[in-house]
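Numbering (this note's numbering), first residue to last: 52 to 478. For every residue, glycine included, the Cβ atom is placed at its ideal position computed from N, Cα and C.
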Amino acid sequence: MVIPINDLPDFKPKVLQWASSFDVFCYLDSNNFRDQYSKFDLLLAVGVKEEITLKTGSAFDELETFRQRNPGWITGFFTYDLKNEVENLASGNPDHLNFPDLYFFVPEHLILIKDGEVEIISNQPEKVFDDIQIQVVRTDDIPHPIQLSSRFSKEEYIDTVIKIKEHINRGDIYVTNFCQEFFAEGAVIDPQGIFSKLNAISPNPFTAFFKLNDKYILSASPERFLAKRGNKLISQPIKGTAKRYDDTQDDKAAIEKLRGHPKELQENVMIVDLVRNDLTRSATAGTVSTEELFGIYSFKQVHQMISTIVCELREDVTAVQAIKNTFPMGSMTGAPKISSMRLMEQYERSKRGVYSGAIGYFSPDGDFDFNVVIRTLLYNATDKYLSFQVGGAITYHAKPENEYEECLLKAQAILEVLGYDKSFLLP
């Protein structure tokens, strides 16, 4: 069933309101950002026909079997800690959120919006559409202030970056992504209302809202991890961030500074090399190429440096295997990849879990698309635990104070949604 929609800004909140009455749903919104690889403006998978909930061990193999059994639409997420299945690694840091390591489901209802039309795939598409149309969108606010805490003080963060740079100076690693957690205990929030505010403040092309019973992922991600279009794989790592300015000249100057910044260029090209290497595991020989290097893209909150690496998928490599061959994404690990992941496990103070993982879909035509879970709030409603993490690339040229400031810049939208400005983290 395909229906034209005249007022998409009015229809989308109703879709989300309707979905929120279900125990499980996955909402993926491009926020009108389009590139040559975009397939739709919005995807919503609602209700569970069949699901798979897995811990690290044989998760990718079991997902492969699940995918073969369900060749239509499935949506779900991979957590960062599946690294322990891909490589000889471990995760020993505290986990207060308790998400499964991998979760996918076959939806009862699937809604796709593209070019002003809504397609509803369901046993009762007319009823679904009517139920959406009668929704009255809630505008609940945060019931009371969220008391945020950090796993690192500013001084501790800077001291840790200095220690990480010592590893770089010794040649143990070249670049790594060091992450810190901000959290609130006893937090009571309206996830739908918080997500709507976050998406309004920071509308990004790989935005996601995932509800898994009492657990919520509220993501304003700007980054694509990996997509498949036909026999082509596409990875678009982000490395390089600059602040937006209201003044046009200041904003242009920020772009030019980012475009020529030695540290940002260094970290981007190192991750491009890492991604190229990862893609060779799945690629037809000689087909890995860098389609765009150091592209500058402007979003509402920040400018980002994004590169695009592509390859032709070998016929003997399945979609799930292609993801496993590149997981976790290079932009959230470092180089050399295994050494960086092992080192960050030593210096970080929280299990990453869903953060640094990926959310997305597999479609009936064999394609898939997954984001990088960054700029994301995670919430366990039963335990009333709210969390977000922020990471930064540490290189030889990294200045610890600047890295801390970049973390706050990346967290700006989330802090604003929760009623904070970045000053609460400063001494």
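Cβ-based neighbour list, residue i, same chain, cut-off 7 Å, excluding 5 preceding and 5 following
{"i": "Leu460", "result": "Thr292, Lys294, Val353"}
{"i": "Val66", "result": "Leu95, Ile162, Ile183"}
{"i": "Arg202", "result": "Gln231, Glu232, Arg400, Ser401"}
{"i": "Pro256", "result": "Ser81, Asn82, Phe84, Pro273"}
{"i": "Pro478", "result": "With a pLDDT of 44 at Pro478, under the threshold of 50, the modelled position of that residue is not reliable, and no figure is offered here."}
{"i": "Glu136", "result": "Thr107, Gly108, Ala110, Phe111"}
{"i": "Asn384", "result": "Residue 384 is actually Thr in this sequence, not Asn. Result list for Thr384: Asn228, Ser391, Met392, in chain order."}
Run of the beta strand (DSSP E) containing residue i, from where it starts to where it stops
{"i": "Asn43", "result": "With the chain represented from 52 up to 478, any question about residue 43 goes unanswered, as that position is not in the structure."}
{"i": "Phe26", "result": "Because the chain spans 52 through 478 in this model, residue 26 falls outside it and cannot be assessed."}
{"i": "Thr211", "result": "Thr211 -> not in any beta strand (DSSP E); alpha helix (DSSP H) instead, spanning 205-221."}
{"i": "Val188", "result": "Where Val188 is concerned, there is no enclosing beta strand (DSSP E), given that its DSSP letter is neither H nor E."}
{"i": "Asn422", "result": "419-422"}
{"i": "Val157", "result": "153-165"}
{"i": "Lys100", "result": "93-105"}
{"i": "Lys488", "result": "Given a span of 52 to 478 for the chain in the structure shown, any question on residue 488 remains unanswerable."}
{"i": "Asn328", "result": "Counting along the chain, Asn328 falls outside any beta strand (DSSP E), though it belongs to the alpha helix (DSSP H) covering 313-331."}
{"i": "Val376", "result": "One detail in the question is off: residue 376 reads as Asn in this sequence, not Val. Segment 370-377 is the alpha helix (DSSP H) holding Asn376; no beta strand (DSSP E) there."}
{"i": "Ala409", "result": "409-413"}
{"i": "Ile54", "result": "53-55"}
Sequence-distant residues of its chain with Cβ nearer than 8 Å to residue i (five each side left out)
{"i": "Ile360", "result": "Ile285, Ser286, Gln287, Pro288, Val323, Val326, Arg327, Leu330, Val339, Ser340, Thr341, Glu342"}
{"i": "Ala305", "result": "Ala293, Lys294, Arg295, Tyr296, His354"}
{"i": "Thr446", "result": "Ile219, Tyr225, Val226, Lys314, Gln317, Glu318, Met321"}
{"i": "Phe180", "result": "Met52, Ile54, Val169, Ile171"}
{"i": "Glu452", "result": "Ile209"}
Member of the options whose CA lies at the smallest distance from the CA of residue i
{"i": "Arg332", "options": "Lys375, Arg393, Leu316", "result": "Lys375"}
{"i": "Gln119", "options": "Lys450, Asn228, Val371, Pro176", "result": "Val371"}
{"i": "Glu168", "options": "Asn139, Phe62, Ser204", "result": "Phe62"}
{"i": "Phe388", "options": "Phe129, Ser72, Asn139, Lys106", "result": "According to the sequence displayed, residue 388 carries Lys and not Phe. Out of Phe129, Ser72, Asn139, Lys106, Asn139 has the C-alpha closest to the C-alpha of Lys388."}
{"i": "Ala449", "options": "Lys262, Val212, Ser247", "result": "Val212"}
{"i": "Phe117", "options": "Gly108, Phe129, Ser382, Glu101", "result": "Glu101"}
{"i": "Gly237", "options": "Asn149, Pro196, Val99", "result": "Pro196"}
{"i": "Gly244", "options": "Gln186, Ser71, Gly143", "result": "Ser71"}
{"i": "Phe91", "options": "Asp418, Ala432, Thr427", "result": "Asp418"}
{"i": "Thr335", "options": "Gly311, Leu93, Asp367", "result": "Asp367"}
{"i": "Tyr78", "options": "Cys362, Ile56, Tyr436, Leu269", "result": "Leu269"}
{"i": "Glu177", "options": "Tyr267, Arg189, His160", "result": "His160"}
{"i": "Ile172", "options": "Arg280, Leu133, Ile125", "result": "Ile125"}
{"i": "Asn422", "options": "Ser382, Glu457, Met392, Tyr398", "result": "Ser382"}
{"i": "Lys262", "options": "Asp146, Asp86, Phe246, Phe378", "result": "Phe246"}
{"i": "Leu309", "options": "Phe73, Phe378, Lys290", "result": "Lys290"}
{"i": "Gly404", "options": "Tyr88, Gly98, His147, Ile103", "result": "His147"}
{"i": "Glu454", "options": "Val441, Leu249, Ala464", "result": "Val441"}
{"i": "Thr299", "options": "Leu469, Asp223, Ser349", "result": "Ser349"}
{"i": "Lys435", "options": "Phe229, Glu113, Phe129, Ile240", "result": "Ile240"}
{"i": "Thr377", "options": "Gly143, Phe76, Asn250, Ala409", "result": "Ala409"}
{"i": "Val97", "options": "Asn149, Leu105, Val157", "result": "Val157"}
{"i": "Cys362", "options": "Ala462, Lys283, Pro379, Asn57", "result": "Lys283"}
{"i": "Ser89", "options": "Ala444, Glu456, Val424, Arg275", "result": "Arg275"}
{"i": "Leu429", "options": "Trp69, Asn121, Asn149, Ala141", "result": "Asn149"}
For residue i, the residue or residues it bridges with in DSSP
{"i": "Thr359", "result": "Glu343"}
{"i": "His354", "result": "Ala293, Ser349"}
{"i": "Asp80", "result": "Leu93, Thr258"}
{"i": "Ala334", "result": "Leu364"}
{"i": "Ser200", "result": "Phe234"}
{"i": "Ile172", "result": "Leu161"}
{"i": "Leu148", "result": "Answer is none; Leu148 lacks a bridge partner."}
{"i": "Ala444", "result": "Asn228"}
{"i": "Arg275", "result": "Gln287, Asn422"}
{"i": "Thr427", "result": "Ser270"}
{"i": "Ile125", "result": "Phe413"}
Where the alpha helix (DSSP H) through residue i begins and ends
{"i": "Gly281", "result": "Premise fails: Gly281 is in no alpha helix (DSSP H) and is neither H nor E."}
{"i": "Thr116", "result": "110-120"}
{"i": "Phe62", "result": "59-70"}
{"i": "Phe246", "result": "242-252"}
{"i": "Gln87", "result": "It is not in any alpha helix (DSSP H) - Gln87 carries neither H nor E in the DSSP assignment."}
{"i": "Glu136", "result": "134-137"}
{"i": "Leu309", "result": "299-310"}
{"i": "Met130", "result": "The sequence given here has Thr at residue 130, not Met. Counting along the chain, Thr130 falls outside any alpha helix (DSSP H), and DSSP gives it neither H nor E."}
{"i": "Tyr398", "result": "388-398"}
Distance between beta carbons of residue j and residue i, contact taken as under 8 Å
{"i": "Glu493", "j": "Met356", "result": "Any question about residue 493 goes unanswered here, given that the chain covers just 52 to 478."}
{"i": "Gly123", "j": "Tyr154", "result": "Not really, about 17 Å apart at Cβ, beyond 8 Å."}
{"i": "Thr427", "j": "Tyr406", "result": "6 Å"}
{"i": "Ala464", "j": "Ala271", "result": "6 Å"}
{"i": "Leu93", "j": "Ile164", "result": "4 Å"}
{"i": "Gly443", "j": "Cys458", "result": "5 Å"}
heavy atom of the ligand MG below 7 Å from residue i C-beta
{"i": "Thr331", "result": "Looking at this structure, you won't find the ligand MG or any other ligand, since it has none at all."}
Residues near residue i by beta carbon distance below 6 Å, same chain, minus five either side
{"i": "Pro64", "result": "Val188"}
{"i": "Asn264", "result": "Asp74"}
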